[in-house]
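Undergrad: Below are the structure tokens for one structure; questions will follow.
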Amino acid sequence: MEKIHILTDSSSDIPHDLVEAHGIEIVPIMLTHEGRSFREYYDITSEDYCRLLETSSEIPGTAMTTPTVFLESYNRAFERGCTHLLAVLINGGGSGTYQAACLAKSMFEEEQGEGKMTIEVIDSKTYTYIYGHIVVKAAEMREQGESFDAIVSVVKSRLNRVEAYLGVYSLKFLKKSGRISGGAAFVGEALGLKPISHVYDGAVKVCDKVRGEKALVAGMSKKVSARVVQPDKQTAILLYGDVPAERLDEMEKRLRTEIGFRDVERVAIGPSVLTNTGPLAMAVAYYGTPRD
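Note that full-length UniProt numbering numbers the sequence shown so that position 165 is 165, with each residue one more than the last.
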């Protein structure tokens, strides 16, 4: 009889009620700011972090989860009699967390012996609840009695199709983090430019710039519409930082009425992602065509 443990890192931004309802372990990513350290998910909310970003002149830092933390998690699961463990983690191209989990797997097998507990570590190749909602799906399948192999297959299939568009209302934080130059930020703000990025297959690439806040919602909606597959059978994921409610309402209305999504789920973006985008960010995640 399989006993399956499911874990992810805090960057998955799974709401607390879903974590508790489905018994998902959250391994925290560490944040540092002005000499203080705190654990994402456990020690600070997205709302509090947005206020910190708005008022601080210093951009907080993030640190990957260490192999030791993952090894301790694997050992706890093994001691509880788990036969299988699934870890779905933040994009390995943007964080060392995935590599740390893989190293911990090797350490566990050296200590306990191969085959004692099956461990599958998956690089989501994306960020925030874009992969977090797939972890929730895995937990639901576990509750329904699905096999470990079936769960892993569905997780990999969905990760191979999920993508998102990210819009940023202010260039100030991209400038502060060094992701764009001061000159580019000055010109962009003067012209009212709002970048739209495609979050796809491990990369976040600017694919368009629109002028004005209203144009950002329309531009993102247009791009989602061009790539989504069978929206009437999907729930769109609307991710947000400290974005005005009217902008979120407008985006949700477009997702429902213009594109025809079956439903829309709103989820707050967590600190580790907001560190890079700034608080004035919004994204829409959906399923497109499978990647080769």
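The beta carbon of each residue, even a glycine, is placed where N, CA and C say it ideally should be. From a predicted model like this one, the values you see are computed outputs, not experimental measurements.
Suppose you measure from the CA of Phe186 to the CA of Asn276; what does that come to, to the nearest Å?
TA: With a pLDDT of 36 at Phe186, under the threshold of 50, the modelled position of this residue cannot be trusted; read the value that follows with caution. About 18 Å.
Undergrad: Could you tell me whether the stretch 9 to 27 touches the stretch 50 to 59, where touching means 3 or more Cβ pairs closer than 8 Å?
TA: As far as the Cβ criterion goes, the stretch 9 to 27 does not touch the stretch 50 to 59, which means the pair count is below three.
Undergrad: For Leu71, which of Glu109, Gly93, Pro271 has the nearest alpha-carbon?
TA: The shortest C-alpha separation from Leu71 is found at Glu109.
Undergrad: With distance defined between alpha-carbon atoms, name the residue in Gly35, Arg80, Pro15 nearest to Glu58.
TA: Residue Gly35 is the option with its Cα nearest to Glu58.
Undergrad: In three-state terms, what does DSSP make of Tyr9?
TA: At residue 9 the sequence reads Asp, which differs from the Tyr that was named. It is a strand residue.
Undergrad: Classify Cys207 as helix, strand or coil using the three-state DSSP reduction.
TA: Correct three-state label for Cys207: strand.
Undergrad: CA-CA distance, Cys207 and Asn91?
TA: In a straight line, the C-alpha of Cys207 is about 20 Å away from that of Asn91.
Undergrad: Taking DSSP as the reference, what is the three-state secondary structure of Gly61?
TA: Three-state result, Gly61: strand.
Undergrad: By Cβ distance, which residues of its chain are closer than 6 Å to residue 293, with the 5 residues on each side in sequence left out?
TA: With the chain represented from 1 up to 292, any question about residue 293 goes unanswered, as that position is not in the structure.
Undergrad: Quick check: what's the CA-CA separation for Pro67 versus Val27?
TA: The alpha-carbon atoms of Pro67 and Val27 are separated by roughly 11 Å.
Undergrad: Hey, out of Ser95, Asn160, Lys125, Leu89, whose CA is closest to Ile14's CA?
TA: Per the Cα distances, Leu89.
Undergrad: For Tyr286 and Gln234, which I take to be in contact (beta-carbon distance under 8 Å), what is that distance rounded to the nearest angstrom?
TA: At roughly 6 Å, the Cβ-Cβ gap stays under 8 Å, so Tyr286 and Gln234 are in contact.
Undergrad: Let me know the beta strand (DSSP E) ranges lying completely inside the stretch 218 to 277, each 3 residues or longer, listed in chain order.
TA: Fully enclosed beta strand (DSSP E) runs of 3 or longer: 235 to 240, 263 to 268.
Undergrad: For Ala184, collect the residues of the same chain with a Cβ closer than 7 Å to its Cβ; drop the 5 residues on either side in sequence, then sort them by chain order.
TA: Confidence at Ala184 is low in this model, with a pLDDT of 42, below 50, so the placement of that residue is unreliable and no value is reported for it.
Undergrad: Quick one, are the C-beta atoms of Met220 and Gly270 less than 8 Å apart?
TA: The answer is no: Cβ separation not under 8 Å.
Undergrad: Among Arg161, Val162, Lys194, which one has its Cα closest to the Cα of Gly278?
TA: Selected option, being the one with the closest Cα: Lys194.
Undergrad: Below 8 Å, can you find three or more Cβ-Cβ pairs linking the stretch 116 to 133 to the stretch 196 to 210?
TA: Segments in contact, yes.
Undergrad: Counting C-beta neighbours from all protein chains within 10 Å, is the total for Tyr42 16 or more, i.e. buried, or is it exposed?
TA: Answer is exposed; the Cβ neighbour count stays below 16.
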